[in-house]
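See structure below.
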Amino acid sequence: MNKIRACIFDLDGVIVDTAKYHYLAWKRLANELGFDFTEEDNERLKGVSRMRSLEILLEIGGKELTAADMEKSAAKKNEWYVEYIEKLEPEEILPGVSAFLTELRGKGIKTALGSASKNAPLILERLKLNSYFDAVIDGTKVSNAKPDPEVFLKGAQELGIEPESCIVFEDAQAGIDAARNGNMFCVGVGAPENLNGWDHLIPGFANVTFEEIVNKLKLVNLK
Ligand code: B16
Ligand code: MG
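The numbering of the sequence shown is the numbering used here, which starts it at 179 and goes up by one.
In structure tokens, the structure reads:
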């Protein structure tokens, strides 16, 4: 097995739960357009780009908008979303994440963020996590959405590490597929009934160590 030299993290659902703020902003837009939007509907938007999310939202509400109105609606939703994330505090970092990132720093493992969000730099700043990442690839730097591996391959490239030596941490199926398409190891973050195709699965980072994950991946690789 290749030695693991880098870890690449998705943001929403892995480092911080920003999905609840996306939900509130999308719900406000849906209500303004005259229909409701539930938390269950919001599951369909996780890991999906902003414009694709709007298309799904309109599909749910049975509405159609012109291209210009879609741009305006997406911008409006983003303004509301940014109002929430400007108030984010480091306390909202998901349990165990800071300890895990600190362990990686101590072991000299490189780190990158690979997120579909164009707001990723603001979120990292609010959470005071900038210094934990050697590279940040966000929605402004990629042209192809997950499951295309572009976001993770760019992260590996910026770190100067070959994909085969990277582990991706992902909570969305499209992200797990992107990691596999990029020939990287993948640790799913979430419940087994929602995710397939990972090399190892964790419910979250609480009490999880890098050492333990590498040992599990060695077992997978020997199968
Ligand atoms: P923005 P991730 C994704 O983040 C979110 O899961 C998804 O719900 C959102 O639509 C997307 O970012 C784009 O976000 O509107 O801020 O550019 O999971 O890839 O970190
Ligand atoms: Mg995610």
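For every residue, glycine included, the Cβ atom is placed at its ideal position computed from N, Cα and C. Note that the coordinates shown come from a computational prediction; the quantities given were computed from them, not determined experimentally.
7 Å Cβ cutoff met for residue i and residue j
| i | j | result |
| --- | --- | --- |
| LYS324 | GLY368 | no |
| PHE213 | GLY191 | no |
| LEU189 | SER276 | no |
| SER293 | ASN180 | no |
| ILE315 | GLY333 | yes |
| HIS378 | VAL365 | yes |
Residues bridged to residue i [DSSP beta-bridge criterion]
| i | result |
| --- | --- |
| ALA290 | ILE186, ALA313 |
| ILE380 | VAL367 |
| ILE345 | CYS185, PHE363 |
| ILE238 | DSSP lists no partner for ILE238. |
| ILE271 | VAL194 |
Reduced DSSP category for residue i - H, G, I as helix; E, B as strand; rest coil
| i | result |
| --- | --- |
| VAL365 | strand |
| ILE339 | coil |
| PRO193 | One point to set straight first is that residue 193 is Ile, not Pro, in the sequence displayed. Residue state, collapsed to three classes: coil. |
| LYS401 | Summary for LYS401: the model assigns pLDDT 37, below 50, so the residue's position carries little reliability; its value from the coordinates is reported in the next sentence. Of the three classes helix, strand and coil, the one that applies to LYS401 here is coil, per DSSP. |
| GLY225 | coil |
| PRO299 | helix |
| GLU389 | helix |
| PHE278 | helix |
The ligand B16 heavy atom lying under 6 Å from the CB of residue i
| i | result |
| --- | --- |
| ASN297 | yes |
| ASP355 | no |
| GLY366 | no |
The ligand MG heavy atom lying under 6 Å from the CB of residue i
| i | result |
| --- | --- |
| ASP326 | no |
| ALA290 | no |
| ALA350 | yes |
| GLY191 | yes |
| GLY212 | no |
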